[in-house]
Structure formats: structure tokens, C-alpha cells
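For reference, the structure is listed below as C-alpha cells.
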Amino acid sequence: MFGYEFMRQAFVASTFIAITAGLVGVFVVSRNMSFLSHTLSEIGFAGASFGILVGISPLAGMIIFTLISSIAVGSLSGEASRREASISAISSLFIGLGILFLSLSAQSSSYATNILFGSIVGISGPEVKQLMILALFVIVIFLVFYKPLAFDSFDHLGAQAAGLKTRLLSITFLVTLAFSVSIGAQIVGSLLVFVLLTLPAATAKYLVHSVPKMILVSVGLSLAGVWLGLYLAFITNWPVTFFISSFEVLAYFGGLSYKNWKLTH
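Counting from 46, one number per residue, gives the positions in the sequence shown under the numbering used here.
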């Protein structure tokens, strides 16, 4: 399997993608922002389609759209019902825009398939380098802001009382989330990137209770999912996304079952 260059590149890219998604996902779950990662994945579809339309890379278009939208959407306030309605409206708008951009660009349906469902096995050497740089950027940001960001994510009121600049921390998190969505979409596509950004972290929450352990378990589950997915896709010729999603869903229900078992014993 590793005798093929495209598989070596796929494993390198997926490793950095999984580490980034597993790390950021812990804070997505702790901040109850799973809805935002799902919305950004749909916005990312429009961004990638726009990139194709104007002649830039789909990844660049996705980053531009998700970066701007993450801060705008994440800043929505008010009643939960009103926020959810606004998110639904925004999601619908950007899905429509994505389809329009693809139609205007006159590209084949394969472009839409790659954007929606990922195309990690067809990733090129330069694209791998781009993903590695973006992933390292996200990881460095989290290393620099780890303590205050963890404090704010798991105890927002306590962070405010301690005098932390929670607004700045929130913007920092939203920026890294935007990059993570754009990075993760390269392997599972814009429709399912929220799988890597939510399920491993949600599973980790059932298994361990400290933030460092949650990060380790979340990253471990993300890596296991993408590595196993690539291997099974190679030997079966089935979509990588199917195997990754199936593994993470099974792991989630396994973690949930373990938690329930602990509560009754």
C-alpha cells in the first residue's frame, strides 16, 4: 500500500487533519458549538465552489468563506430558538450559493463530489504541504492559548471573573475552527467534516474527564478513524468517508454504552 505515492501523501495529510480535528473538537464540544461546525461545513462548500469559479484553489476559497463566516455566525446572540433559525437560514443560503457557483463555473459534477465528500487519495504533494502548514498553524495557536482557552471553554463564567479577555479568546477559537473545517473537509468533504470535529471529542468526554486526556483520546480516535478508513478504502475501493464516519459513529456509541455501564455499576 505504501508503495504508492498517492497513498503515502494521503496518510501524511490525513494524519495532520486528524490531529487538528481531534484537538479543536474538544473545544467545539465543550463550547456547545457543534451546530457551528456543521454550518461552517456548508459555508465551506460555497467557498470551495466560489474558488473554482474565480480561478483560485477550492481550499483558499473555503478558508476565506469560513474565516469570515465563523466570526459572524459565532457572534449571533439572543434566544436559542432565534439563533437556531438564523443558522438554518444561513446554511440554506450558502448551500444554494455553492450550487450556483458550481453551475456558473461550468465544471463537471466530479468537482461537486470532491468538495462534498472529499478526495484525499487524489491529493497532490503541494496540497499536502499546504495542509501541513495550516494544521501546524492551528496546533501552534492552541499551544500558545491552551490554558486560557481551556479555562474559558470549560468555565466561561469563571474565566470572566478571573479577568480573562474572553472576547479575544472566542475570536481566536472561531478562527482556528474555520481553519480546521477547511482542513478537515479535504478528507471527509464539506458535508461530513463535522464528524471529525465532534464525534471523537464527544466520545472522549464519555471515557475520560480531564482536558489533556480528552485531547489525547479525541486525537487518538481521529487518527484511528482516518488511518483505518484509508486502509479499508485501499483494499475495498469503497469511499474513505464511509469508513471514517462508520468508525467514529461506532466509537461514539461504544463510549456512550461505556458511560451508561459505569453509571449502573
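Backbone N, C-alpha and C fix where the C-beta goes; we use that ideal spot for every residue, glycine too. Computed from a predicted structure; not experimentally measured.
Query	Result
Which listed residue (Phe-292, Val-240, Val-264, Lys-250) has its alpha carbon closest to that of Gly-67	Val-264
Alpha-carbon spacing of Gly-123 relative to Phe-56, whole angstroms	Residue placement at Gly-123 is poorly supported in this model, since its pLDDT is 46, which falls under 50; the coordinates still yield a value, given next. If I take the Cα positions, the gap works out to 43 Å.
Nearest-angstrom Cβ-Cβ length linking Ile-62 and Leu-188, presumed shorter than 8 Å	Not confirmed; about 18 Å, so no contact.
Whole-angstrom distance between Pro-193 and Phe-224, CA atom to CA atom	20 Å
Contact check, Gly-274 vs Val-262, beta carbons under 9 Å	no
Residue burial classification, Gln-231 (beta-carbon count within 10 angstroms, cutoff 16)	buried
Coarse secondary structure for Phe-95, derived from DSSP in three states	helix
Within 9 Å, strictly: CB atoms of Ser-136 and Leu-222	no
Nearest-angstrom Cβ-Cβ length linking Gly-89 and Thr-111, presumed shorter than 8 Å	5 Å
Closest Cα partner of Phe-190 within the set Phe-287, Val-69, Ala-58	Val-69
Inter-residue spacing [alpha-carbon to alpha-carbon] between Leu-179 and Leu-301	32 Å
Reference Glu-293; option with closest CA among Leu-244, Ala-58, Ile-280, His-201	Leu-244
Residue of Ser-215, Asn-305, Ala-204 minimising C-alpha distance to Ile-186	Ser-215
For Leu-209, the three-state DSSP class (helix, strand or coil)	coil
Beta carbon of Val-11 nearer than 9 Å to that of Ala-296	With the chain covering 46 to 310 only, the question about residue 11 has no answer from this structure.
Residue range of the alpha helix (DSSP H) that includes Phe-47	Run containing Phe-47: none; DSSP gives neither H nor E here.
Val-220 in three-state terms, based on DSSP	helix
Nearest residue (CA-CA) to Ser-86, options Trp-283, Phe-51, Phe-239, Gly-270	Phe-239
Pair within 9 Å by beta-carbon distance, Ser-290 and Met-107	no
Whole-angstrom C-beta distance between Ile-64 and Gly-92, which should lie under 8 Å	23 Å between Cβ atoms; not a contact.
Rounded straight-line distance, which links the Cα of Ser-79 to that of Gly-48	38 Å
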